[in-house]
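Asks: Attaching a single structure in structure tokens format; questions to follow.
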Amino acid sequence: MSAALESFLNRAEGLLARLEAVLPHAATPPDWAASTAFRARRRHGALCLEPVRAVSRIRLSDLQEVEPQKERLLRNTAQFVAGRPANNVLLTGAKGTGKSSLIKAVLNEFAPQGLRLIEVDKADLVDLPDLVEQVAERPERFVVFCDDLSFDEGEASYKALKSVLDGSVAAAGDNVLIYATSNRRHLLPEKMVDNLAGTHGEHGEIHPGEAVEEKISLSERFGLWISFYPFSQNEYLAIVAQWLRHFGVDDAAIEGARQPALIWALERGSRSGRVAYQFARDHAGRGAVGEAAPALRIGGDAPEGLDHV
1 MSAALESFLN
11 RAEGLLARLE
21 AVLPHAATPP
31 DWAASTAFRA
41 RRRHGALCLE
51 PVRAVSRIRL
61 SDLQEVEPQK
71 ERLLRNTAQF
81 VAGRPANNVL
91 LTGAKGTGKS
101 SLIKAVLNEF
111 APQGLRLIEV
121 DKADLVDLPD
131 LVEQVAERPE
141 RFVVFCDDLS
151 FDEGEASYKA
161 LKSVLDGSVA
171 AAGDNVLIYA
181 TSNRRHLLPE
191 KMVDNLAGTH
201 GEHGEIHPGE
211 AVEEKISLSE
221 RFGLWISFYP
231 FSQNEYLAIV
241 AQWLRHFGVD
251 DAAIEGARQP
261 ALIWALERGS
271 RSGRVAYQFA
281 RDHAGRGAVG
291 EAAPALRIGG
301 DAPEGLDHV
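Note that the UniProt record's numbering gives residue 152 to position 152 of the sequence shown, counting from 1, and the numbers run on in steps of one.
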């Protein structure tokens with residue numbers, strides 16, 4: 001073999017190696033025993049499932065003042081885990097009121113019975129059909145979790161989600177449900193100009209009702225809607241007290257924290273569960289738990305990335 005040919009072949013092999021690194025690969029199954037929760041991440045052009053090493057420890061008992069919402073999601077998930085018919089769920093409403101936290105708490109409640117959670121970013125919803133197919137033969141029951149979901153008009157992931165929910169020729173497996181949270185009931189922005197679509201000008205919609213129906217069609221494909229509402233002052237204070245107890249604060253100190261908690265909420269402009277948790281964390285961390293604070297491992301035992309807290 002000539003030196004020139006050998007050099008050419010070496011360069012060709014190097015080029016092929018670099019191309020192979022960026023071309024899509026078949027998705028590698030995750031270690032299903034490694035966790036009860038997984039994140040969908042794009043690797044080498046394919047959507048892969050990565051185990052979550054530290055799953056949030058939030059429990060249903062940690063969530064206060066959302067009993068009706070808790071009962072409805074628990075009932076739907078219990079049906080699903082038992083192999084009975086259940087609905088995809090859209091949790092909507094005020095920020096910081098417990099939407100995401102409730103889903104995580106339900107996972108911890110039903111994980112011993114085979115429930116698993118897969119968190120998917122909005123940008124990766126275009127690959128949702130492939131993800132559903134990847135878990136179709138698994139014995140576990142999977143909740144696909146889409147947090148803080150909303151779309152701009154024309155996004156490809158919007159139509160992909162709509163198709164999986166109800167409309168694709170390929171039915172979703174009976175071991176997969178979609179639970180999504182959003183501050184918007186209809187998931188797409190609704191604009192004042194939509195009300196002008198019915199005008200009789202040359203640029204008006206001939207069938208304006210159809211344009212409006214397109215905007216609400218996605219949320220209507222979720223079989224169960226669960227709404228969350230802003231907390232009253234008493235509800236906010238009850239949540240503050242619950243989290244202060246979680247951090248080891250005694251009842252006398254909790255009573256003394258009422259006024260600072262209200263001032264904290266006033267400064268934040270919100271009486272949400274998240275604000276209540278942030279106040280309790282600050283108040284306990286500044287010494288309300290005395291010498292017991294280090295043993296509570298506030299940075300580790302407190303639930304992470306929660307909506308309610």
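Backbone N, C-alpha and C define an ideal beta-carbon position, used for all residues, glycine too.
(1) Taking the CB atoms as reference points, tell me whether Arg-116 and Thr-36 lie closer together than 8 Å.
(2) Do you know how far the Cα of Gly-287 is from the Cα of Gly-248?
(3) So, using beta-carbon positions, are Ala-257 and Glu-65 closer together than 8 Å?
(4) Output needed for Gly-114: all residues of its chain with C-beta closer than 8 Å, excluding positions within five of it in sequence on either side, in chain order.
(5) Give the single residue among Val-176, Lys-122, Ala-123 and Val-240 whose Cα lies nearest to the Cα of Ala-136.
(6) Let's test the definition: count the other Cβ atoms within 10 Å of the Cβ of Gly-98 and tell me whether it reaches 16, buried, or not, exposed.
(7) Pick from Ala-46, Ser-150 and Glu-50: whose alpha carbon is nearest that of Arg-39?
(8) What are the uninterrupted segments assigned as alpha helix (DSSP H) that are 4 or more residues long and contained completely in the region 87-114, given in chain order?
(9) Is Ile-178 near Asn-108, with beta carbons less than 8 Å apart?
(10) Given Ser-168, which residues of its chain have a CB within under 8 Å of its CB, disregarding the five upstream and five downstream residues?
(11) Helix, strand or coil: which one does DSSP assign to Ser-168?
(12) Select from Ala-111, Val-89, Val-126 and Ala-253 the residue whose C-alpha is nearest the C-alpha of Trp-32.
(13) Tell me the rounded alpha-carbon separation between Ala-211 and Glu-220.
(14) Buried or exposed for Gly-14, please, with buried defined as at least 16 other CB atoms from any protein chain shown within 10 angstroms of its CB.
(15) Give the straight-line distance between the Cα atoms of Arg-75 and Leu-47, rounded to the nearest whole angstrom.
(16) Pro-129 by DSSP, collapsed to three states: which one?
(17) Can Tyr-236 and Ala-265 be called in contact, C-beta distance under 8 Å?
(18) State the DSSP-derived secondary structure class of Leu-49, mapped to helix, strand or coil.
(19) Are the CB atoms of Phe-231 and Leu-165 nearer to each other than 8 Å?
(20) Quick check on this structure: which residue in Gln-259, Ala-34, Asp-250 and Ile-118 has the alpha carbon closest to the alpha carbon of Gln-233?
(21) Under the DSSP definition of a beta bridge, which residues are partnered with Arg-42?
Replies: Looking at the atomic coordinates:
(1) yes
(2) In a straight line, the C-alpha of Gly-248 is about 11 Å away from that of Gly-287.
(3) no
(4) For Gly-114, where only same-chain residues beyond five positions count, the Cβ hits under 8 Å are Val-81, Pro-139, Glu-140 and Arg-141.
(5) Val-176
(6) buried
(7) Cα-wise, what sits closest to Arg-39 is Glu-50.
(8) 99-110
(9) no
(10) A caution first: Ser-168 carries a pLDDT of 49, below 50, which makes its placement in the model too unreliable to give a value.
(11) Residue placement at Ser-168 is flagged as unreliable, the pLDDT there being 49, under the threshold of 50; the coordinate-derived value follows with that caveat. In this structure, Ser-168 counts as coil in the three-state DSSP scheme.
(12) When Ala-111, Val-89, Val-126 and Ala-253 are compared, the shortest CA-CA separation from Trp-32 is found for Ala-111.
(13) Because the pLDDT at Ala-211 is just 49, under 50, the model does not fix this residue reliably, and the point stays unresolved.
(14) exposed
(15) 31 Å
(16) helix
(17) yes
(18) strand
(19) no
(20) Gln-259
(21) For Arg-42, which the question treats as bridged, DSSP gives the partners Leu-47.
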